[in-house]
Structures are given as structure tokens and as C-alpha cells.
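Each residue of the sequence shown is one higher than the one before, counting from 38 in the working numbering.
This report refers to the structure that appears directly beneath it.
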Amino acid sequence: MPVPRVIKLLVISDIICPWCYIGQREMERAIEMCSDLPIQVEVEYRPYRIYPSLKDGQFLDRCEWFESRFGKDKKEQMERMIMQRAHELGMNIKCMDGIITQTTLAHRLLLKAWKIGGQTTQQAVLTAIFRGYFEDQANIGDTNVLADMAVATNLMTKEEAVEFLESAECLDEVERMMNEARKKGVNGVPFVVIDGKWAVSGGQTSEVYSQIFKKLANCEPTTPRPTHAAPAAASVSLKA
Numbered sequence: 038m039p040v041p042r043v044i045k046l047l048v049i050s051d052i053i054c055p056w057c058y059i060g061q062r063e064m065e066r067a068i069e070m071c072s073d074l075p076i077q078v079e080v081e082y083r084p085y086r087i088y089p090s091l092k093d094g095q096f097l098d099r100c101e102w103f104e105s106r107f108g109k110d111k112k113e114q115m116e117r118m119i120m121q122r123a124h125e126l127g128m129n130i131k132c133m134d135g136i137i138t139q140t141t142l143a144h145r146l147l148l149k150a151w152k153i154g155g156q157t158t159q160q161a162v163l164t165a166i167f168r169g170y171f172e173d174q175a176n177i178g179d180t181n182v183l184a185d186m187a188v189a190t191n192l193m194t195k196e197e198a199v200e201f202l203e204s205a206e207c208l209d210e211v212e213r214m215m216n217e218a219r220k221k222g223v224n225g226v227p228f229v230v231i232d233g234k235w236a237v238s239g240g241q242t243s244e245v246y247s248q249i250f251k252k253l254a255n256c257e258p259t260t261p262r263p264t265h266a267a268p269a270a271a272s273v274s275l276k277a
């Protein structure tokens, strides 16, 4: 059997972005669709703040916050688009319910998960946080809520998770990664860098990703690749 070609995906995303949650599901579907190809897909998630004006420790009503920021009509339009796409994927997203807060704490936990167990561990924690925020209206800025997720995904004990979250561990790295993304021109998420050469922005479908994987599986490592893929279907921008 041929040695699988390793395809590395660097996914820049934010927990409170519904298109990032949808994008994660689309990515998983694409990888499953290409399971018969001689490829091995490695995925690493990197942090981003889509709403930098939100402060750590600030907990606001999600629906009221979006309406005050975008207006009622725009907020309802955004909600319809998200709900339609989520329904098509069988996802139970409640994007305007619950609390909105800054995501630094959650990003630190995700980076810690990557350091402890790599892709598998980080994906498990990411899924738990996404599901908690969008389906269960969990307050992901709360130390105890995130600590419970760390326990549920076998990342740490409750005591270890609380100690980590109350420290400053991984904070400088998270800030550096977010600053690097901005310096490189990332102004909306999800933003996916494939094999260090393809940049895919927005809420692309699994079909888009699977076509890219198929092309990479069939080309030589030295084959030139484009620096940008299809335009975004949907994303969240700082300018929104």
C-alpha cells in the first residue's frame, strides 16, 4: 500500500462563531468522504477573537448583544442563514440564546489540549465547547463550566483544570497566535490553511474541502498549488 500523504490543516477559528462550528462539521464530513484516499489529514485549531471589544469576564445576553450590534433585521437575517445551514447538517444550533462572552479562557484550554494529546484530544475538547455553547447555552467564560468540559473529555481532573484556568499558562501563546493571524491579514473566520499553501476562508461545504483533498492526493508534492481557494460562502468578520 502507498504511504499516505499527510495533509496539514491549520484552522483559525473562534468558539462563539457559529460558522466555525458549522465549518468543523463540514471538515469532518469531508475527511470521512475521502477516507478511501491515500491521505492522512492532520488538523490543528488556532485561536482568534472575532469580537475583540468583548472583555474577558464580561457576560452579556447573546440576543440583546447581537441586536444592539447589528440591529434587529440584520440579526434575524444572520440567524436564518445560520439555522438553515445547521438544519441541513442535522445540527441543533441555538445561536442567539444564552450568554456571549470573550473566548480567551476557552482558547487557552484548547491550546493546552493540543499540547497534552494533539489532534484527537483538541478535537474532543473543541467539540465539547462548541456543543456546550451553541446547543446547551453554556457560559464558556466560566471557569467551572470549562473545567467540567475538561473532565468530560478526559483532559484533566476538575482540580487540575481549575488550577490551569485560573493561572496564566498558555495566555502569552494564545495572544501571540491571534496577533500573528491578524498580521497575516486574517479578518474573518473560519480561515483554513491547507498544507501551508491553500487558504480557504468562510463556511465552505464538505464538497469544497473534499475536492481539495482529492486534488492533493493526486498531485506530486512539488506540484504548484494556488495560494487561495474558493471565495467564502459565509464567515464572521471584524468589520461585520
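Note that CB positions come from ideal geometry on N, CA and C, so glycine has one too.
Beta-carbon proximity list for residue i, same chain, < 8 Å, skipping 5 on both sides
{"i": "methionine 133", "result": "Arg99, Cys100, Phe103, Lys112 and Glu116"}
{"i": "leucine 2", "result": "The structure shown has nothing for residue 2, since the chain only spans 38 to 277."}
DSSP beta-bridge partners of residue i
{"i": "lysine 19", "result": "With the chain running from 38 to 277 in the structure shown, residue 19 is simply not present."}
{"i": "valine 230", "result": "Leu47 and Ala236"}
{"i": "isoleucine 137", "result": "Leu97"}
{"i": "proline 84", "result": "Ser50"}
Contacts around residue i, its chain only, beta-carbon distance under 7 Å, and the 5 residues preceding and following it disregarded
{"i": "cysteine 71", "result": "Ser247, Phe250 and Lys251"}
{"i": "alanine 123", "result": "Ile59 and Ile130"}
{"i": "glycine 108", "result": "none"}
{"i": "threonine 1", "result": "Outside the shown range of the chain (38 to 277) lies residue 1, about which nothing can therefore be said."}
{"i": "valine 43", "result": "Gln77 and Glu79"}
For residue i, three-class secondary structure by DSSP
{"i": "isoleucine 249", "result": "helix"}
{"i": "alanine 184", "result": "helix"}
{"i": "glycine 225", "result": "strand"}
{"i": "glycine 155", "result": "helix"}
{"i": "isoleucine 166", "result": "helix"}
{"i": "glutamine 121", "result": "helix"}
Beta-carbon proximity list for residue i, same chain, < 6 Å, skipping 5 on both sides
{"i": "glutamate 172", "result": "Asn129"}
{"i": "glutamate 81", "result": "Leu47"}
If you pair each beta-carbon of the stretch 220 to 239 with each one of the stretch 47 to 55, do three or more pairs fall below 8 Å?
yes
contact_flag[the stretch 54 to 68, the stretch 235 to 245] where n(CB pairs < 8 Å) is 3 or more
A contact exists between the stretch 54 to 68 and the stretch 235 to 245.
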